[in-house]
Each structure stands twice: as structure tokens, then as C-alpha cells.
Amino acid sequence: MNRLTLLGIIFLCCCGDARYRLDGHVPETTSHVELLDGAATEKIVRLRTLYASAFDSLADVADAEIADVRARLDESESDLEAAKRGVNRASARYRQTFEKMKQFESFGGNPIFGDEDRRVSTRELLSEIADRFYKGKAFSLETGGEIRSFIRESLVPSEQRVSRARRRLRRVESSRETDEAAIVARQGFLVKEQDQLRDIYNQRILDTLTGAVQASAQADSNGYYRFDTLSPARYHLYLRDPVHSLSTVDLVQHTRRDLDPQEADSPLLTGSGPQSF
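The numbers in the sequence shown follow the working numbering, run straight up by one, and end at 316.
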């Protein structure tokens, strides 16, 4: 309130019981205008301050929890790289071991196994060679025995090392995926918490506004409202529709105030963070 307005109110109050009219036009969707006392916005500001503090506290708790998970992810980065190296080493050794399978020849003198057979499991290889015949290639009983011995003594242990390395990699990856999912879930839960907090405080704001109503004026068929015999003071004109809005009036004389919710302040909290009012 500027100095001139304040002096005007003091002067008028001292000179008698002055009364003034306050009227104006409202949107066609507005059914009535409510008159609130001047302290209403102070109460709303206090509620918004409490909301901002609670909003930040929720974010701080979530940030701390997410930071702990991110720290685990950072620590597991070296485990992930080590597991990948382990798979690569085990796979390389298996390839080297499998190269020796190419020494076994069929009756026609051709290698029985090729690079494409490296992807076949040792269990399947042992099953396939049981009748001394593999992919159209026949071989002797002696060769079959040598193949079985080599698979069991050299290829199977090498294959098992690859399997163990891959299981370790999957465990590390699974653990990291769980942590990454936990971060996403916690962020989503924070948004939900903050939305619920905003709903709670908006309801408190609405209750405060309702409790501050001093009078209500019905809008007529032409969209005009009117308050009569008001004492000089600061008032707030409150519209509930089409949107919640507040307009401040320092009443020192008969005053016309047309109300446009788009140009007025909204008392409610919107969006995802604290806002000034």
C-alpha cells in the first residue's frame, strides 16, 4: 500500500464512518464474487512458505537416497569392466582350445569340425558324435574316442569357465539394472509425494480463503457484481470460477473493479515446485 493510499484511509476513518460502493464486471462463467479481509493473503503466504520448506525437504531426502544408489553404481563400474574382461578372456581361451578340434579328420581326410561348430555346446557335440558320424562326415572308432576324450578333458572345462564368467557378468549387470530402476522409481515417487503435498496445501489455502470471506455478491444477468456500504480498507476479491483468482483493492472511494481471472493472481499452487505469490 503506498503512502497516499494509507493517508487517505486514515483521514477518512478519522473523519467519520465512511462507506463506499465496490462494483464491476465479471466473466460470464462467474456466478458470484466473494469479498475477503485484507489479511487473507498474509495467511496464504505463510502456507506457501511452509509448503516450500516441506517441498524442499522431500527433495532433499530423495536426493540423498538417489545419491547412495548412484555411489553403488559408480563402485560397480569397475566390477562390470572386470566381468566383461573375464568373459572375453574365457571366450578367447575357448576359441583357442576349439582350434585343436580341427585336427580330427573324417575318412575322407577332411576336418570334421569347423569354426561354425564352436557355437555348439559340448553336450550336443558329445551326443552328435556318438554314432561316429557328424554333419555327413564319418570317422573311425579310434577317432571318435579321441574326440570324446578331448571334449571332456579340454573343451568342457574351458566351456565351464566361459559359463562362469558370463554368469558373473549377468549378476553384475542385473545388480546395476536394479539400482538404475530404483533411481527411476524413487524419482517417480518423489513427483508423487510432491503432487500429494501440493494437493494438501492447496486444500488448506482454499479453507483459509473460505474462512476469510466477509461478504458475497451474486453476479447479475449482465455479469455485474456490487458491494455496498464498505468501510475504507484493503480487500481481496475472490473468484472461484472459471479459475481461482484474487484481486486486491485498496478502497478509499467508490470504486469500480472489473475482474479478469487471467490478469489476477491465483492463490493456488501449480506445477511441480514452490512459487511466489
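Where is the CB? At the ideal position from N, CA and C, for every residue including glycine.
Run of the alpha helix (DSSP H) containing residue i, from where it starts to where it stops
i	result
Leu-86	79 to 138
Leu-248	195 to 250
Leu-308	Careful: Leu-308 lies outside any alpha helix (DSSP H) and carries neither H nor E.
Ile-186	180 to 189
Glu-163	161 to 167
Residue i to residue j span [Cα, whole Å]
i	j	result
Gly-227	Ser-213	21 Å
Pro-66	Ser-260	11 Å
Arg-60	Asp-299	19 Å
Ala-131	Val-159	16 Å
Tyr-90	Glu-73	25 Å
Arg-207	Asp-118	10 Å
Arg-187	Phe-178	13 Å
Ala-129	Glu-138	14 Å
Ala-103	Arg-134	47 Å
Glu-302	Gln-235	27 Å
Arg-85	Gln-233	18 Å
Ser-255	Leu-112	60 Å
Thr-68	Val-252	20 Å
Ile-168	Thr-182	10 Å
Val-195	Phe-189	9 Å
Ser-305	Ser-284	4 Å
Glu-192	Asp-170	20 Å
Thr-309	Arg-87	11 Å
Glu-198	Glu-185	18 Å
Asp-297	Gln-242	27 Å
Cys-52	Arg-273	No answer about Cys-52 holds up, because its pLDDT of 47 lies below 50 and its placement is not dependable.
Val-201	Ala-122	11 Å
Leu-97	Tyr-263	45 Å
Gln-292	Gln-257	22 Å
Val-282	Val-230	24 Å
Arg-151	Arg-209	It should be pointed out that residue 151 corresponds to Ile in this sequence rather than to Arg. Those two C-alpha atoms are separated by around 34 Å.
Phe-143	Glu-163	17 Å
Thr-217	Phe-94	27 Å
Asp-34	Met-140	The structure shown does not extend to residue 34, since the chain spans only 40 to 316, so no value can be given for it.
Gly-147	Asp-156	19 Å
Val-108	Ala-224	12 Å
Ile-105	Gly-250	41 Å
Beta bridge counterpart(s) of residue i as assigned by DSSP
i	result
Gln-257	His-71
Gly-63	Tyr-264
Pro-150	Glu-144
Lys-176	Tyr-173
Arg-295	Asp-62
Asp-304	Leu-285
Asp-56	DSSP, once it has assigned bridges, lists no residue as partnering Asp-56.
Asp-76	Tyr-274
8 Å contact criterion, which residue i and residue j should meet: CB distance rounded
i	j	result
Ala-57	His-275	Not quite, the Cβ-Cβ distance comes to about 20 Å (not below 8 Å), so this is no contact.
Leu-269	Leu-290	6 Å
Leu-75	Tyr-277	5 Å
Leu-307	Ile-222	Rounded, the Cβ-Cβ distance is 31 Å, inconsistent with contact.
Ser-295	Gly-77	The sequence shown places Arg at residue 295, not Ser. Not quite, the Cβ-Cβ distance comes to about 19 Å (not below 8 Å), so this is no contact.
Val-126	Ala-204	4 Å
Asn-149	Lys-174	About 11 Å separates the two Cβ atoms, so there is no contact after all.
Arg-237	Ser-115	Not really, about 36 Å apart at Cβ, beyond 8 Å.
Ser-70	Asp-267	Not quite, the Cβ-Cβ distance comes to about 19 Å (not below 8 Å), so this is no contact.
Residue i, enclosing beta strand (DSSP E) - first and last residue
i	result
Ser-286	284 to 290
Arg-273	272 to 278
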